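Presented below is the structure to which this report refers.
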Amino acid sequence: MFRKDSKMAIILIMILSITIIFTACTKPKQEQAEDAKKDVEKVEDKPTTQPDRLRIGYLTMPGNVLYFIANEKGYFTDENLDVEMYMFKSGSEGISALISDKIDTGCFGTGAELSLLAKEAEISIFGGQMSQGSGIITKPDRVDEFKDFKNYKGKTLGLV
């Protein structure tokens, strides 16, 4: 009889020990939920598609440094953009690149652009970048496209 009770006691102690071990090694449900949420956020943060190409032209002007800062800080990457920067020596050179589809868009002064608009060039000034009045210029049929910053993905900008 003693042996039967001893065996039963040993079995109960083993079951109790195993239960305690598994309970101690398991995270509380709140921590499990937080870990699962973090895992989902990590997956959501990663782009699920190839980055859109955006070609940006620029001049060596103070305002254009903002594009380099945005690139350095990873803002373009955050928006799933693969940005290529092209330096121009003049606004006219940048506008020529825009007209010939070598860039998607850009920030330029208004001198060369207004001259080209007077000659009915297919560009549009639709925004500004600097306090001195630099404009963002594109072809007339693309003005609506560039009014929403979400549409800049995959575009080429020229900064002149």
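Position one of the sequence shown corresponds to residue 53 (our numbering), numbered consecutively onward.
Built from N, CA and C at the ideal position, the CB exists for glycine as well.
Owing to the predicted nature of the structure, the values given are computational and were not obtained by experimental measurement.
Query raised in the report: Below 8 Å, can you find three or more Cβ-Cβ pairs linking the region 153-163 to the region 108-127?
Result: Yes, since at least three Cβ pairs between the region 153-163 and the region 108-127 fall closer than 8 Å, the two stretches touch.
Report task. Mind checking which residues open and close the beta strand (DSSP E) that includes Y110? Result -> Reading the sequence shown from its first residue, position 58 is the one you call residue 110. Segment D104 to Y110, the beta strand (DSSP E) holding Y110.
Query raised in the report: In three-state terms, what does DSSP make of F160?
Result: The sequence position of residue 160 within the sequence shown is 108, counting from 1. Here DSSP, grouped into helix, strand and coil, assigns F160 to strand.
Query raised in the report: Do you know how far the Cα of I177 is from the Cα of F198?
Result: On the sequence shown, position 146 is the one that residue 198 refers to. On the sequence shown, position 125 is the one that residue 177 refers to. Whole-angstrom Cα-Cα distance: 10 Å.
Query - For E172, the first and last residue of its enclosing alpha helix (DSSP H) - result: By 1-based counting over the sequence shown, the position of residue 172 is 120. First-last for E172: undefined, no H or E at that position.
Query - Bounding residues of the beta strand (DSSP E) (the contiguous stretch that carries Y138) - result: Walking along the sequence shown from the start, residue 138 turns up at place 86. That run of the beta strand (DSSP E) goes L133 to M139.
Report task. State yes or no: is the C-beta of K205 within less than 8 Å of the C-beta of N132? Result -> The residue given as residue 205 occupies position 153 in the sequence shown. The residue given as residue 132 occupies position 80 in the sequence shown. The answer is yes: Cβ separation under 8 Å.
Query - Option nearest P103 by Cα separation, candidates A149, I121 and F128 - result: Here residue 103 corresponds to residue number 51 of the sequence shown, with the count starting at 1. Nearest option by C-alpha distance: F128.
Query raised in the report: Alpha carbon to alpha carbon, how far is K191 from M113?
Result: Reading the sequence shown from its first residue, position 139 is the one you call residue 191. Reading the sequence shown from its first residue, position 61 is the one you call residue 113. Between K191 and M113, the C-alpha separation is close to 23 Å.
Query raised in the report: Cα separation between G120 and A170?
Result: In the sequence shown, residue 120 corresponds to position 68, counting from 1. In the sequence shown, residue 170 corresponds to position 118, counting from 1. Going by the sequence as given, residue 120 is Phe instead of Gly. Roughly 32 Å separates the two Cα atoms.
Report task. Compute the Euclidean distance between the alpha carbons of S142 and D130, then round it to the nearest angstrom. Result -> Position 90 of the sequence shown, counting from 1, holds the residue named residue 142. Position 78 of the sequence shown, counting from 1, holds the residue named residue 130. Roughly 30 Å between the two C-alpha positions.
**Report entry** Outcome for T208 when other beta-carbon atoms lying within 10 angstroms are tallied against a minimum of 16
**Finding:** Here residue 208 is taken as the residue at index 156 of the sequence shown, counted from 1. Buried is the call here.
Report task. Give me the Cβ distance between I175 and E165, rounded to the nearest whole Å; I'm assuming they're in contact under 8 Å. Result -> The count along the sequence shown starts at 1 and reaches residue 175 at position 123. The count along the sequence shown starts at 1 and reaches residue 165 at position 113. Indeed they touch by this definition, with Cβ atoms about 6 Å apart.
**Report entry** Exposed unless 16 or more other CB atoms sit within 10 angstroms - verdict on V135
**Finding:** Translated into positions along the sequence shown, residue 135 becomes position 83. With 16 or more other Cβ atoms inside 10 Å of its own Cβ, V135 counts as buried.
Query - Limits of the alpha helix (DSSP H) - the one that D144 falls within - result: Stepping through the sequence shown from its first residue, residue 144 is reached at position 92. At residue 144 the sequence reads Ser, which differs from the Asp that was named. Run containing S144: G143 to I151, per the alpha helix (DSSP H) assignment.
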